[in-house]
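Written out below as structure tokens is the structure these notes cover.
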């Protein structure tokens, strides 16, 4: 039904309700609620319409009933119960609908609204029980009576309206005064009228399905209670809906909806397709059961666009089989320690993310056992979560790289230092090695969210010293650092920025000095040269500026020139921003000599 038509229909129903309420109020003064029998000894001669007309506070209701052609019906000898909105209730509704009077509401809409306020038979307040009650409105998809939701507590609520005065007697029934006009509900409205469905309502809102389920339908909704959702959260070990993605929530909720108005009397055993596209299995015995274990506890709460049946557990749709990196790890016994590590570091979700594109260099169990032995550890429990997280993230590149995509060079991993991605050195030859010492033993295990390459060692985030050690192009630099006794210093916390000369740069220096190599230089000569290549801080190439920069070599400074690329004194930076776990390395083509 279109919005304009719905508003019109709601207004019409409101008018009918007002007439009924007037009758209720007029007759209320003759009612003694403390009497076990609410019926007076002397028969009431005035009909509901007459009682309402004399009350003075139901003029809009009477007007609505007359316009809708229901005045005679409300005066019939047939016993009925009317939940009657006051004039004030109608005024609120008209304001909400931006209408000035009932003249803007057609008779058919008024009739629909008003008949929704009427129940067959005399139902006194003492007989009201929480649950669904059928109204005389039959505007449902299959012309079944629309349901009113009664909630009996400290107050009596009819849908979202409060009964303010009860048991006003008339010759043809009883009136209960309410403070709001009742509008025929959709299946979504039905859920909002009961506190037992607050979790369901929150889920529908989060999944943005309220508009869909308020549409024409028809729908059959199997509605889980709050207790059902709480049980699901406990089983999943989560705190609530905040930890469920919209995608998963949509899949779950649409699994509770059928595309028809199926009453309990029409439910048949077998498989039936839900709106999610998955089948729900229905079995019928002493009760209607869904998927073998979920019981339908309340049936046939009828709305304008479908029917609601209450269930005692949340239906979980069959999980689509995935083949994520996490799935592969958990399914392969050779990765059991890796998966244990992922759990401890809370990284399972990251490698299970179907939307991600990752390359994972996955160490085997043997690789982890070897690492634990080297560290003198007996298990992963001996490694802090922070350290383990950094190690694991160092095995991951944030894009999918098949072995044929890999080339020799540095790749940024997801492990970081000072907010910068730590670099991994890949060497591609007859085999693929990582950081010069770890070999890829099995490549190109494709997953839904990337690719796995199996490696024979656990790869540790490198210090600036390890960056040099792991690249054969820095072998002379490494020899110099070792001879100068600077390995421990440059493996410390730092941070350091190292301008690293290549082997060719050292060869050029040796030729200029007319010496054969490092062996011709003493430690005392090497220390000021090497420390002249180190600046305090983690300085990326983008952080450099023209000018003098102090080094770790006493008061010696280097000159930075950004005129053409990056020059340090008379050397050119040929590769920049190789990030380590305690600093960054920039490769230069000449050895820097302090003056």
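Residue numbers (full-length UniProt numbering): 1 to 595. Built from N, CA and C at the ideal position, the CB exists for glycine as well. None of the values given here were measured: they were computed from a predicted structure.
Write down the C-beta distance between residue 51 and residue 65 rounded to the nearest angstrom, noting that I regard them as a contact closer than 8 Å. Start at 1 with the first residue of the chain shown, and residue 51 comes out as number 51. Start at 1 with the first residue of the chain shown, and residue 65 comes out as number 65. Between residue 51 and residue 65 a beta carbon distance of about 13 Å is seen, past the 8 Å cut, so the two are scored as non-contacting.
In chain order, what residues of the same chain lie with their CB nearer than 6 Å to the CB of residue 34, ignoring the 5 residues before and after it? What you label residue 34 is simply residue 34 of the chain shown in a count that begins at 1. At residue 34 the pLDDT is 35, less than 50, meaning the model places this residue with poor confidence; the figure from the coordinates comes in the next sentence. Excluding the 5 residues flanking it on each side, residue 34 has no same chain C-beta neighbour closer than 6 Å.
Nearest neighbour of residue 536, chosen from 493, 563, 574 [CA to CA]: Position 536 of the chain shown holds residue 536. It is 493 whose Cα lies nearest to the Cα of residue 536.
Indicate whether at least one CB of chain B lies closer than 7 Å to the CB of residue 361. Reference to chain B is not applicable here, since this structure consists of a single protein chain.
So, for residue 155: in the same chain, excluding its five sequence neighbours on each side, which residues have a beta-carbon less than 6 Å away from its beta-carbon? Taking the first residue of the chain shown as position 1, residue 155 is located at position 155. Within the same chain, and ignoring the five residues on either side of residue 155 in sequence, the residues whose Cβ sits closer than 6 Å to its Cβ are 162.
By Cβ distance, which residues of its chain are closer than 7 Å to residue 29, with the 5 residues on each side in sequence left out? Here residue 29 refers to the residue found at position 29 of the chain shown. Confidence at residue 29 is low in this model, with a pLDDT of 33, below 50, so the placement of that residue is unreliable and no value is reported for it.
Within its chain, find whatever has a CB closer than 6 Å to the CB of residue 401; leave out the 5 residues flanking it on each side and keep chain order. Taking the chain shown and counting its residues from 1, the one referred to as residue 401 is at position 401. Within the same chain, residue 401 has close Cβ partners 359.
With residue 420 as the anchor, note down where its beta strand (DSSP E) starts and where it stops. For the purposes of this step, residue 420 is taken as residue 420 along the chain shown, with counting starting at 1. For residue 420, the enclosing beta strand (DSSP E) has its first and last residue at 420-428.
When DSSP builds the beta bridges, which residues end up paired with residue 104? Within the chain shown, residue 104 is the residue found at index 104, counting from 1. In the DSSP assignment, residue 104 is bridged to no other residue.
Closest residue to residue 216 among 124, 112, 185, 224 (Cα-Cα distance): Here residue 216 corresponds to residue number 216 of the chain shown, with the count starting at 1. Nearest to residue 216 by alpha-carbon distance, out of 124, 112, 185, 224, is 185.
Straight-line CA distance for residue 458 to residue 438? Residue numbering aside, residue 458 sits at position 458 when the chain shown is read from its first letter. Residue numbering aside, residue 438 sits at position 438 when the chain shown is read from its first letter. Residue 458 and residue 438: Cα-Cα distance of roughly 8 Å.
Inspect the CB distances between the stretch 333-349 and the stretch 424-440 and report whether three or more fall short of 8 Å. No, because fewer than three Cβ pairs between the stretch 333-349 and the stretch 424-440 fall closer than 8 Å, the two stretches do not touch.
How is residue 528 classed by DSSP in three states: helix, strand or coil? Mapped onto the chain shown, residue 528 falls at position 528. Looking at residue 528 - three-state DSSP - the assignment turns out to be helix.
Put residue 321 into one of helix, strand or coil per three-state DSSP. Stepping through the chain shown from its first residue, residue 321 is reached at position 321. The answer is coil: DSSP assigns residue 321 none of H, G, I, E or B.
For residue 281, the residue or residues it bridges with in DSSP: Translated into positions along the chain shown, residue 281 becomes position 281. Bridge partners of residue 281: 271.
Given a threshold of 16 other Cβ atoms within 10 Å of its Cβ, counted over all protein chains shown, does residue 239 qualify as buried or as exposed? As a working mapping, residue 239 is identified with position 239 in the chain shown. With fewer than 16 other Cβ atoms within 10 Å, it is exposed.
Exposed or buried, which one is residue 500 when buried takes at least 16 other CB atoms within 10 Å? Working through the chain shown from its first residue, we reach residue 500 at position 500. With 16 or more other Cβ atoms within 10 Å, it is buried.
Assess contact between the stretch 175-191 and the stretch 84-99, defined as three or more Cβ pairs (one per stretch) separated by less than 8 Å. Is contact present? In short, these stretches touch, since the Cβ pair count reaches three.
Out of 275, 78, 125, which has the shortest C-alpha to C-alpha gap to residue 175? As a first step, residue 175 is located in the chain shown; it is residue number 175 there, counting from the start. Nearest of 275, 78, 125 to residue 175, Cα basis: 125.
In the DSSP assignment, the alpha helix (DSSP H) including residue 345 goes from what residue to what residue? Locating residue 345 in the chain shown gives position 345, where the first residue counts as 1. No alpha helix (DSSP H) holds residue 345; DSSP gives it neither H nor E.
Can you list, in chain order, the stretches of the beta strand (DSSP E) that have 3 or more residues and sit fully within the stretch 107-148? For the stretch 107-148, whole beta strand (DSSP E) runs of length 3 or above, ordered along the chain, are 118-120, 131-134.
Note down, in chain order, each residue of its chain lying with its Cβ closer than 7 Å to the Cβ of residue 295, except the 5 sequence neighbours on either side. The residue labelled residue 295 in the question sits at position 295 within the chain shown. Apart from sequence neighbours up to five positions away, the residues of its chain that approach residue 295 with a beta-carbon distance below 7 Å are 287, 289, 311, 312, ordered along the chain.
First and last residue of the alpha helix (DSSP H) that includes residue 73? For the purposes of this step, residue 73 is identified with residue 73 of the chain shown, where counting begins at 1. Per DSSP, residue 73 belongs to the alpha helix (DSSP H) from 71-74.
Comparing the CB of residue 576 with every heavy atom of the ligand SAM, is any distance shorter than 6 Å? By its list of ligands, the structure shown contains no ligand whatsoever, and the ligand SAM lies outside what it can speak to.
So what does DSSP say about residue 330, is it helix, strand or coil? Translated into positions along the chain shown, residue 330 becomes position 330. Secondary structure of residue 330 (DSSP, three-state): helix.
Report the option in 164, 115, 148 whose CA atom is closest to the CA atom of residue 89. Residue mapping note: residue 89 aligns to position 89 of the chain shown, counting from 1. Looking at the Cα atoms, 164 is the closest of the given residues.
Once DSSP output is grouped into helix, strand and coil, what is the label at residue 80? Counting from one through the chain shown, the residue named residue 80 turns up at place 80. Reduced to three states, the DSSP call for residue 80 is strand.
Do you know how far the Cα of residue 100 is from the Cα of residue 116? Along the chain shown, read from residue 1 onward, the residue named residue 116 stands at position 116. Along the chain shown, read from residue 1 onward, the residue named residue 100 stands at position 100. Each residue's alpha carbon lies about 22 Å from the other.
Which residues share a DSSP beta bridge with residue 221? As a first step, residue 221 must be located in the chain shown, where it is residue number 221. Residue 221 is bridged to 257, 308.
Contact check, residue 148 vs residue 139 under 8 Å by CB: the rounded distance? Here residue 148 corresponds to residue number 148 of the chain shown, with the count starting at 1. Here residue 139 corresponds to residue number 139 of the chain shown, with the count starting at 1. 14 Å between Cβ atoms; not a contact.
To the nearest angstrom, how far is the alpha carbon of residue 630 from that of residue 503? Absent from the structure is residue 630, since the part of the chain shown begins at 1 and ends at 595.
How big is the Cα-Cα spacing for residue 509 and residue 595? The residue you call residue 509 lines up with position 509 of the chain shown. The residue you call residue 595 lines up with position 595 of the chain shown. Roughly 15 Å separates the two Cα atoms.
Between residue 480 and residue 333, what straight-line distance do the alpha-carbon atoms span, to the nearest angstrom? Within the chain shown, residue 480 is the residue found at index 480, counting from 1. Within the chain shown, residue 333 is the residue found at index 333, counting from 1. If you take the alpha carbons of residue 480 and residue 333, they lie about 44 Å apart.
Where does residue 296 fall in DSSP's three states? Along the chain shown, read from residue 1 onward, the residue named residue 296 stands at position 296. Reduced to three states, the DSSP call for residue 296 is strand.
Are residue 345 and residue 389 close, meaning C-beta to C-beta below 7 Å? To locate residue 345, count along the chain shown from 1; it is residue 345. To locate residue 389, count along the chain shown from 1; it is residue 389. Yes, these two residues count as a Cβ contact at 7 Å.
Taking Cβ positions, are residue 556 and residue 571 nearer each other than 7 Å? Along the chain shown, one-based indexing puts residue 556 at 556. Along the chain shown, one-based indexing puts residue 571 at 571. At the C-beta level, residue 556 and residue 571 stay beyond 7 Å of one another.
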